[in-house]
Each structure stands twice: as structure tokens, then as C-alpha cells.
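Chemist: For the sequence shown, counting from 1, position 948 maps to 948 in full-length UniProt numbering; every step adds exactly one.
A virtual CB, placed ideally from N, CA and C, is assigned to each residue, including glycine.
Being a predicted model, the structure only gives us computed values, none of them experimental.
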Amino acid sequence: MDFTLFSAHLVRGLTDKIYDKRKSAALEIEKLVRDNETTPAHITEIIDTLVQDFVYSNNSNARNGGLIGLAATAIALGPAVAPYLDIIVPPILSCFSHQDSRVRYYACESMYNIAKVAKGEVLRFFNSIFDALCKLAADPTLTVKNGADLLDRLIKDIVSELSTTYVSPHQDPYNPPESEQETNNLVVPRSLPRNTAFSLPRFIPVLSQRIYVKNSFTRQYLVSWISVLDSIPDLELVSFLPEFLDGLLNCLSDTSHDVRVATSVLLGEFLQEIKQAAAVRHLHGPSESHTTFIDDTSNSSNIINNEEGQEGAGETNSSSNFGKGTYVPGQGVIVQYDRIVETLVKHLSSTEEDIQRTALQWINEFISIAKDVVIQFTPKIILAVLPCLAHPTLVIQNTAIETNKNLQKLVLEASTTTIAVKASSPIPPKSTSQTVATTEENVTTTLGKGGSDDAIDPSMQDHQHHSRSVEEEPFDYQTTVSNLRLQFLNENEETRVASLEWLLMLHKKAPTKILASDDGTFPALLKTLSDSSEEVVRRDLQLLAQISSHSNHEYFRHFMTNLLSLFSTDRRLLESRGSLIIRQLCLSLDPERIYTTIADILGNDEDLEFASIMVQNLNLILITASELSDLRKRLRNLDHKDGQRLFITLYRSWCHNAVATFSLCLLAQAYEHAANMLQIFAELEITVSMLIQVDKLVQLLESPVFTYLRLQLLEPEKHPYLFKCLYGILMLLPQSSAFSTLRNRLSSVSSLGFFHMMPNRSSSPPEPSTTKQRGTSSKSSKTNDDGIKFQELLQHFKAVQSRHERQRKQAMQNIPRSSNNGRSRRSRYNSDPSFHFYREDSSNNLTNGTNNNNTSNSTTGGSNNSGINNTNPKLGGGSSTSSGLLNKRDGTSTSTGGHHGGNSSGNSNGNSNDSRTTGSSSNGLNHSNNTTSSSAQHHFMRATGHTSRVAPRKSTAAGFGGTSRK
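1. Please list, in chain order, all residues of the same chain as threonine 218 whose beta carbon is under 7 angstroms from its beta carbon, the five residues on each side excluded.
2. Going by beta carbon distance, what residues of the same chain come within less than 6 angstroms of alanine 625, once the five residues before and after it are set aside?
3. By the three-class DSSP mapping on this structure, what secondary structure does glycine 787 have?
4. Say whether the segment 627-644 touches the segment 674-692, bearing in mind that this needs 3 or more beta-carbon pairs closer than 8 angstroms, one atom from each stretch.
5. Buried or exposed: asparagine 814, going by 16 or more other Cβ atoms within 10 Å of its Cβ?
6. Is the shortest distance between the beta-carbon of glycine 603 and the beta-carbons of chain C less than 9 angstroms?
7. Just list the alpha helix (DSSP H) runs in the segment 113-162, keeping only unbroken ones of 4 residues or longer that don't cross its boundaries, in chain order.
8. So the candidates are Asp157, Val117, Arg104; which of them puts its Cα closest to the Cα of alanine 132?
9. With three or more C-beta pairs closer than 8 angstroms as the rule, is the segment 598-610 touching the segment 647-666?
10. Any idea if lysine 145 is buried or exposed, counting beta-carbon neighbours within 10 angstroms, 16 or more meaning buried?
11. Under the assumption that aspartate 354 contacts serine 253 (Cβ atoms under 8 angstroms), give the Cβ distance between them as a whole number of angstroms.
12. Decide yes or no for the touch test of the segment 45-53 against the segment 94-103: beta carbon pairs closer than 8 angstroms, at least 3 of them.
13. Leaving out five residues before and five after leucine 249 in sequence, what residues of the same chain have Cβ atoms less than 6 angstroms from its Cβ?
14. Helix, strand or coil: how does DSSP classify isoleucine 621 here?
15. Would you give the residue range spanned by the alpha helix (DSSP H) that threonine 165 belongs to?
16. Quick check: the Cα distance between residue 981 and alanine 400, rounded to an integer number of angstroms?
17. Could you pull the start and end residues of the alpha helix (DSSP H) that leucine 700 belongs to?
18. Candidates Lys513, Arg572, Gly520: which alpha carbon is nearest residue 981's?
19. For glutamine 669, which of helix, strand or coil comes out of DSSP?
20. Measuring only the C-alpha atoms, how far is asparagine 404 from alanine 670?
21. Which whole-angstrom value describes the C-beta separation of arginine 743 and leucine 722, a residue pair presumed to lie in contact below a C-beta threshold of 8 angstroms?
22. Quick one: grab the DSSP three-state call for arginine 645.
23. For arginine 949, which residues of its own chain have a beta-carbon under 7 angstroms away from its beta-carbon, when the five flanking residues on both sides are left out?
24. Does the beta-carbon of proline 40 have 16 or more other beta-carbons within 10 angstroms, so that it is buried, or is it exposed?
25. Assign arginine 496 to buried or exposed, taking buried as 16 or more other Cβ atoms, counted over all protein chains shown, within 10 Å of its Cβ.
26. At which residues does the alpha helix (DSSP H) containing threonine 403 begin and terminate?
27. My output table needs one value for tyrosine 212: the three-state DSSP class, helix, strand or coil.
28. Between valine 122 and the rest of its own chain, which residues show a CB-CB distance below 8 angstroms, the 5 nearest in sequence each way excluded?
29. State the start and end residues of the unbroken alpha helix (DSSP H) segment that holds proline 242.
30. Once DSSP output is grouped into helix, strand and coil, what is the label at cysteine 388?
31. Can you confirm whether the segment 222-231 touches the segment 190-197 when touching is taken to mean that 3 or more C-beta pairs between the two stretches lie within less than 8 angstroms?
32. Expressed to the nearest angstrom, what Euclidean distance is found between the alpha-carbon atoms of aspartate 16 and valine 259?
33. Look at threonine 73 and isoleucine 92 and say whether their C-beta atoms are less than 9 angstroms apart.
34. Measure how close the beta-carbons of leucine 650 and tyrosine 708 come, nearest whole angstrom, since I'm counting them as under 8 angstroms.
35. For glutamine 99, does the three-state DSSP call read helix, strand or coil?
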């Protein structure tokens with residue numbers, strides 16, 4: 001220790017543990033410095049002694065004495081302390097992190113006194129002081145925090161007052177225009193003050209690192225500093241916003257309410273500044289030197305430099321309307337929209353509601369002020385915004401809905417051929433009223449230097465060539481579609497609906513691009529048809545229809561094939577949504593195109609069971625759906641080629657289902673052909689499913705769709721075969737509610753005296769109608785070459801039904817034999833005497849089998865056969881077996897001969913006198929197996945859904961002259 005400068009008394013005072021004695025020693029040092037003020041060497045020696053012997057001492061009291069001694073030295077020097085700050089400030093800052101809280105406190109006190117004297121010169125050490133105070137903001141000792149807070153306020157006052165004006169003579173310029181590469185490739189506004197002691201570009205990296213701290217006190221400190229710097233107009237802190245925006249948004253998740261409120265207010269101020277800058281750019285336009293430029297080093301593609309009165313602007317003919325000393329909000333601001341949006345997109349999916357809400361609000365505002373930038377981020381924004389449409393927080397949900405709506409509008413209105421110039425080719429247009437501004441060079445270019453048109457034309461040609469080369473789509477369609485496809489898996493209905501609405505809008509805007517090279521969307525759309533939400537299915541079908549309407553026939557057929565394949569593998573979908581899907585497609589597309597394509601595909605389907613089920617569903621939709629009214633009208637008009645082609649196409653596929661084919665003939669008014677089909681029905685196995693379909697058909701005959709058919713019953717001379725068709729259906733049905741309904745309808749017509757018009761094989765047919773295709777004459781099945789060849793269609797129907805019969809038999813043979821069900825299909829028939837009459841041997845078997853089974857209860861053995869139409873034994877036989885088949889399905893055996901007696905006695909005048917005898921015979925048949933017959937009947941009623949409407953069977957021939965059972 002050099003005692004030539006410091007006396008022993010002074011040294012003891014500086015190292016004393018009592019503050020007052022150290023303060024007295026500091027006053028002596030202050031006097032000593034003033035005495036040697038004219039000798040810089042002595043001043044330097046005093047400072048070195050205080051630093052080396054006291055501040056860096058291991059004794060805490062000596063450290064405290066050294067700190068107060070340095071403060072006294074600065075106070076004694078006053079403004080002249082500036083040259084010595086380089087050796088005074090660093091030792092003091094090192095004590096900010098000392099383990100002794102008293103040392104940290106006195107370091108703050110010493111730095112406060114020095115800053116109060118040095119003022120602007122302390123800005124040279126701003127980064128170091130800021131970093132040290134950032135750590136002390138979270139200090140556990142209250143006195144240290146208070147001391148740091150006092151120092152922080154003083155530094156803020158100095159920065160607010162002198163940061164943009166004070167230039168230090170003791171250091172090189174920090175941010176001259178020619179040294180921007182030293183600022184870590186930051187985009188620096190040209191309006192930023194140069195050569196000042198405070199350098200914002202050099203401070204931003206420090207802030208970018210510290211902004212990610214999680215301590216609430218430190219965050220409060222950082223937010224307060226950002227607010228102070230943002231309040232200084234000439235600094236334009238918003239230009240550096242992308243560097244610390246990510247960390248600033250994270251502050252919204254802080255546990256401290258004060259931090260969240262302060263951060264929210266600060267972000268609101270930044271957003272307001274950005275909107276002001278956009279308004280200035282929109283107001284003045286490119287002619288006022290508001291041009292879009294690119295910073296290659298930061299890979300920014302859209303940075304708006306709204307700049308007025310820059311150096312070199314006088315070289316052009318156009319100058320700013322504002323003087324250099326006039327401040328306009330938003331003037332001279334560089335807004336890096338692309339980097340800001342990129343940061344915001346990351347926080348759109350944040351789990352913190354405040355962060356998510358703020359990011360959504362910013363994105364929504366940017367849609368209107370930075371369209372060219374936002375549209376490029378559309379795929380990523382969609383991926384994050386759509387799930388927010390069902391957010392439980394109402395504010396976030398409403399903001400997301402508004403953002404989604406504005407984004408759709410932006411994409412829909414965006415040009416499909418132009419977009420802002422990318423960073424890779426920064427060539428802005430040149431004109432006499434424009435100035436080119438870049439971040440790397442402050443250069444202005446005028447066309448006046450060219451001197452002639454020869455000098456101008458090549459540059460204009462180059463620019464035009466460049467403009468054509470950078471034209472492209474506003475955003476990536478395929479990436480957008482892929483991200484929308486991911487939303488199909490979202491658990492929220494609103495999100496799935498919104499994703500489909502996006503696809504609808506995109507396909508409407510660019511139908512050739514949305515699925516141009518994507519093979520994953522179509523299967524996803526088909527799979528979405530199984531969605532639990534009906535609204536999602538409707539939107540999905542609307543999109544599929546829209547895609548199909550803009551595609552060729554091959555694509556449409558591929559769509560229909562995949563749809564049928566989906567129905568085949570997912571039968572539950574077919575049952576629950578099949579009708580909705582088909583009807584919605586018919587509403588959006590041509591129903592005839594849909595039906596003919598499906599019919600063509602089903603005609604070649606090897607899965608006969610599915611083809612039958614699908615035809616049954618399509619037929620029900622065809623008859624009942626209002627969307628298909630025009631198609632039904634076309635079918636009823638077989639006089640024209642279009643109607644004939646449609647009928648033939650549907651008929652060949654409808655043959656997979658006998659009842660559906662019969663319904664199609666009734667719909668097309670091909671009654672004679674339908675009557676001929678009934679003859680084939682007698683040869684088919686009358687299954688429960690078939691009877692249920694007939695039951696439904698009877699109900700449909702009473703619907704408004706078949707009003708024309710019921711009215712045609714009043715014209716038997718024109719439609720004689722219509723009666724035969726309906727009576728044939730009556731013979732197929734067991735005595736159920738459908739049987740009663742149809743019987744009542746026919747009885748009401750026959751009571752008018754039209755019954756004699758029904759044709760039979762022995763009578764000659766009436767004159768054919770003018771429509772040769774409907775064929776009421778015997779030549780109906782052999783029409784002219786230009787008509788419908790009904791005989792060929794009938795043979796096709798037989799062939800298809802034969803295939804179904806063979807498949808059913810094969811399926812029965814493949815059923816594993818078990819102890820409870822070990823008998824084959826034929827053995828089950830043979831073991832049950834109630835089914836002997838169904839053997840396809842001859843009509844005698846029908847009579848004999850029935851009589852043999854009921855000899856104990858029948859008084860007239862042959863009367864069971866009395867009501868059957870002898871001219872059509874197969875038809876009668878088919879009708880008589882319906883109830884028996886039902887009982888076979890139910891696992892019981894019963895006789896159905898009672899139907900013959902009941903039906904025949906009610907329709908034959910020749911048997912009126914013997915009605916009791918016939919009825920008793922019929923009742924005798926039913927009495928033999930009364931319990932099982934009732935069980936089978938109820939089984940059918942349950943299957944057809946009419947159990948509640950059927951009265952108990954007290955008579956087997958009620959209404960037909962049969963006697964009631966006592």
C-alpha cells in the first residue's frame with residue numbers, strides 16, 4: 001500500500017466497519033483529489049490504489065471503503081471524471097455480484113453517485129450496468145433491491161434525456177452507417193441517431209438474452225426498460241421488435257399479475273405503433289419514399305421502411321413533405337412483418353390463454369396491414385387458428401372466429417398470379433418519383449442521370465423481365481391442404497367444419513390446384529363421411545360434389561367406386577348415413593349421373609349381398625327423396641330415348657334385389673313387365689328380408705309419390721296389368737297391416753266394377769297403349785329395336801336372381817355344423833311337415849302336402865286349394881309360403897295353408913256359398929299349429945315395425961268370408 005498518497009489514518013478510516021468513519025475518510029479522499037486535479041497522473045494513481053488495495057480486497061470493510069472512495073473521487077472530479085470512467089466503473093460493477101449483501105448495496109450507492117456526476121458519459125457502460133442491475137432486480141435482500149432501484153431510476157432518466165443526443169469524445173462511434181455489420185446483422189433504421197454514446201443496436205442482443213428469464217422481478221425490470229426505450233421517439237424500438245418479441249410474449253404467462261398487465265400494455269403500444277407505420281405507408285404511398293425493401297442478411301422478405309428526409313434525398317426531385325426535425329408517428333420505422341408473424345404463429349397454440357389471445361389479436365390486425373406477408377404464412381396460421389374455434393374461453397373463441405373469417409377473405413381476394421418480391425431478388429421499380437431505400441446502403445437513384453431514353457429503356461426492360469420471373473402463387477396450396485386435412489382428426493366439430501369450409505373455398509378459387517398433385521385428401525374426405533357430426537358430413541359431401549363437378553368422368557367414377565367400397569366395409573355407415581350421403585350428393589350433383597354410375601358399378605359387383613342391400617337403399621331414396629323428383633319424372637316417361645336408357649341402366653343393376661326391381665317397374669309404369677316378374681317370384685325363395693321389403697313397398701304405394709298409380713286404378717282398360725301386379729303383391733304378403741292396407745285399397749276399386757278388367761292368360765289382352773315401351777299388349781316384351789327389350793331384361797333378372805340363390809345356398813353349406821344346428825337347409829325343410837307344401841315338385845304336392853298335415857282338423861280336405869288361382873299356380877304357391885318362411889327363420893314350424901282359403905274365398909264369387917266350408921278348412925290348417933303360427937306372425941310384425949298396429953288374429957280369414965275361431 002502506498003502511504004505517500006494515503007496516510008495511515010485515512011487507510012484506517014476506509015477499512016473501518018463503521019459507515020461514518022468510512023464516510024469521513026471519503027471526504028478526505030475528495031479533498032485529496034481536488035488538490036491533484038491538475039495532475040492526471042496523481043488522479044490515476046489514487047484511483048488505482050483504491051481499486052487494487054481496497055475494492056479488490058478480501059476484507060468486506062475494505063471493499064466498502066474502496067467503493068465509497070471511488071464515489072468521492074468522481075464527485076471531486078465532476079464532469080472531468082469522464083476520462084477516468086474506464087478504470088472506475090468496471091471494478092464497481094464487479095462488486096454487484098459479490099456474496100456480501102452490504103458490498104452489493106454500497107456498489108449500487110457508489111455507481112449512483114458516479115452516474116449522477118458523469119451523466120451522459122455513463123451511457124458508454126450502459127450494457128454492463130443494465131446486465132448487472134438485471135441480476136440485482138431479483139436480489140433476496142431488500143436493501144440491495146432498493147439501492148438497485150434507485151440506480152435504475154437514475155439510469156432511465158439519463159437514457160431518456162441523452163440517449164439520442166449525447167456523443168462521447170472518449171470513444172469511437174458505436175453505430176456509424178458504414179459499420180452496420182458490427183450489429184449482428186440487425187436491421188437498423190436509417191433514422192436511428194448515429195455516433196451517440198448509447199447504442200441501441202448493441203443493446204438489443206443483451207436484451208434478447210435476458211428477456212427469457214422467468215423471475216417475476218427481473219421480468220418486471222425488463223418490461224419497464226423496454227417501455228422506457230419505446231417511449232423515446234428517435235430510437236424506434238419497434239424496428240427491433242422481432243429480436244425480443246418471443247420472450248416478451250412469454251412474460252404474459254408470469255405468475256405476477258403486475259407483470260402480465262405491464263406486458264399486455266406494452267404489447268398494445270407496440271401494435272399501435274405498427275398500425276401507425278402502416279397508416280403512414282398507406283397514406284403517402286411509394287411516391288413519398290415509402291418503399292418496400294429487403295434485408296438480405298436477415299432473410300426478411302417484407303420490411304416496410306417508412307422514411308422521410310434521409311440523407312441523399314436531396315439528390316432526387318421528390319423530397320419529403322416533412323422537415324427533418326418534424327416527428328411523424330410511424331415515420332422512419334422498419335417493421336419486419338414476416339419475422340413478427342413467424343414469432344406470433346409459434347404462440348397461437350400456446351397453452352397460456354393470455355399468450356394465445358394476444359397472438360390471435362396481432363394476427364388478426366396484421367391481416368389488414370400486412371396482407372402480402374400474412375398470406376404466405378396462411379398454412380401455419382390455419383393449423384393453429386382452427387383448433388381455437390372451439391376454445392372454452394369466449395374471448396379467444398370469438399377472436400379466432402374473426403381471424404379465420406378475415407383470413408378466408410384475404411385468401412379469396414388475393415391474386416393468384418402476383419405476390420410481393422422475395423428477398424432473393426430485391427429489385428424495386430424505378431421512376432422519377434421514387435427513391436430506393438435499403439438497409440445496407442443509403443443510396444438514391446434518379447433517372448435523370450441517364451440523360452436519354454436509351455439509358456432508361458434497358459433498365460425498364462430488365463425490371464419488367466424480373467417482375468415476370470418473380471410472379472407466383474400467394475401461398476402454397478398443397479401445404480395448406482395438408483394442414484387442413486390434419487384438422488379432420490380434431491375432436492371439435494367446429495374445427496372440422498371450418499377445415500372443410502376452407503377446402504371448399506380453396507377449391508372454388510383454384511379447382512385445378514387444390515388436388516392437383518395430392519393423393520391423400522380424397523381418402524381422407526371419404527373417411528370423414530363416417531364422422532359423428534352430421535354438419536361435418538354435409539360439408540364433406542358438398543366438397544366431394546364440388547370436386548366431382550370439376551372433374552372428368554374417370555375421376556367421378558373413381559369417387560363413386562370408393563364410396564361404394566366404403567359402404568361395403570362399413571355397413572354401419574350405410575345404415576346410419578347412407579341416405580344422407582346419397583341425397584346430399586344428388587342435391588349438389590346431377591342425380592342421373594350419380595345413379596347411372598352407381599348402377600353400372602353395382603352391376604359388375606361380385607359381392608351380391610352388398611349389391612342387393614345397396615340397391616334396396618338406392619331404390620328407397622329414388623322413391624322418397626324430393627331431390628330425385630326430376631329423375632322420377634324421367635323414369636315415368638319411357639316414350640323418349642333418355643327415359644329408356646335410364647330405365648335399362650337402373651334395371652340391370654336393380655336386378656340384384658327383386659322387390660327393388662319390381663318397384664322400379666311400378667315407378668316406370670311398366671306394369672305388364674312387373675306382372676311377368678311376379679311369375680318369377682314364385683320360383684324364388686321368399687325370405688324374411690324380401691317380405692319386409694314388400695311390406696315397405698305397400699306403405700310406399702300409399703305415399704304421394706305413387707298418387708298417379710292409385711289414380712290409374714280407376715282406368716283398368718288402360719292399365720289392366722296394374723291390378724295383377726297389386727294382387728300379386730297381396731298374395732305374397734302374410735296377413736299383416738300391410739296386407740290389410742293393400743286389400744282395402746283394391747277392394748275399394750273392385751267394388752266399382754273394375755275387377756273384371758284384370759287380364760288373365762286365357763283372355764285376350766286389350767289394345768296396346770301408345771307407349772310401346774310400357775307394353776300392355778302381348779308384344780310388350782318384344783318391342784321394336786329402338787325400344788326396351790323387356791324379354792331380355794326378364795332373362796337378365798332371372799340370371800341375376802339365380803346367382804343370388806346359388807350364393808345363398810353356398811353360404812348355408814359353409815355354415816359350420818353344430819349340435820344345435822346340425823341339419824342342412826334341405827333337411828330342415830324335410831323335417832318340418834309344415835313346409836312340405838313348399839317343395840318345388842308340382843301343384844299336387846301343394847294340395848296333398850297341406851291336406852295330409854291337417855287331416856285331423858279339416859272337414860273338407862280339398863277345399864284348402866279352392867281359393868288359389870288355377871291359371872297361375874306358381875303365383876299362388878309363392879304367396880302361400882310367405883308365412884311359412886317366416887316361421888322357418890324364427891326356428892319354428894307352422895302351416896300357412898290358411899292364407900289360401902282366406903284369400904280365395906274373399907275374392908271368388910263362385911265360392912260364396914261354400915265359404916263356411918272353405919273357411920273351416922282354412923281354420924283347420926291354422927288350428928293345427930296355432931301357437932307357432934302366432935309366434936311367427938309376431939316375429940314378422942316386429943321385423944316390419946308394425947307390431948303395435950296389428951290386432952290379435954281371432955280369425956285367419958277375416959274379411960274374406962272365413963269363420964272366426966271360437
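Modeler: Taking the structure as given:
1. Cys134, Ala137, Ala138
2. Arg583
3. coil
4. no
5. exposed
6. Going by chain labels, chain C is absent from the structure shown, which holds only one protein chain.
7. 126-136, 142-162
8. Arg104
9. yes
10. buried
11. That belief holds up - the Cβ atoms of aspartate 354 and serine 253 are roughly 7 angstroms apart, short of 8 angstroms.
12. no
13. His347, Ile355
14. Isoleucine 621: helix per DSSP, three-state reduction.
15. Judged by DSSP secondary structure, threonine 165 falls outside any alpha helix (DSSP H); it is assigned neither H nor E.
16. Residue coverage of the chain in this structure runs from 1 to 966, which leaves residue 981 outside it and unanswerable.
17. 688-701
18. Since the first residue of the chain shown is 1 and the last is 966, residue 981 is not available in this structure.
19. coil
20. 55 angstroms
21. In fact, because the Cβ distance is near 16 angstroms, the residues do not count as touching under 8 angstroms.
22. Reduced to three states, the DSSP call for arginine 645 is helix.
23. Legend: pLDDT at arginine 949 = 39, less than 50; position of this residue unreliable, value from coordinates given subsequently. In its chain, beyond the 5 residues on either side, Ser737 have a beta carbon closer than 7 angstroms to the beta carbon of arginine 949.
24. The residue in question, proline 40, is exposed, as its Cβ has fewer than 16 Cβ neighbours within 10 Å.
25. buried
26. It spans 394-413 - the alpha helix (DSSP H) in which threonine 403 sits, taken as one unbroken run.
27. coil
28. Leu85, Val89, Ile114, Ala115, Ile129, Ile155, Ile158
29. 241-250
30. Residue state, collapsed to three classes: helix.
31. Contact between the segment 190-197 and the segment 222-231 is not established, with fewer than three Cβ pairs separated by less than 8 angstroms.
32. 42 angstroms
33. no
34. At roughly 19 angstroms, the Cβ-Cβ gap does not stay under 8 angstroms, so leucine 650 and tyrosine 708 are not in contact.
35. Three-state DSSP puts glutamine 99 in coil, outside helix and strand.
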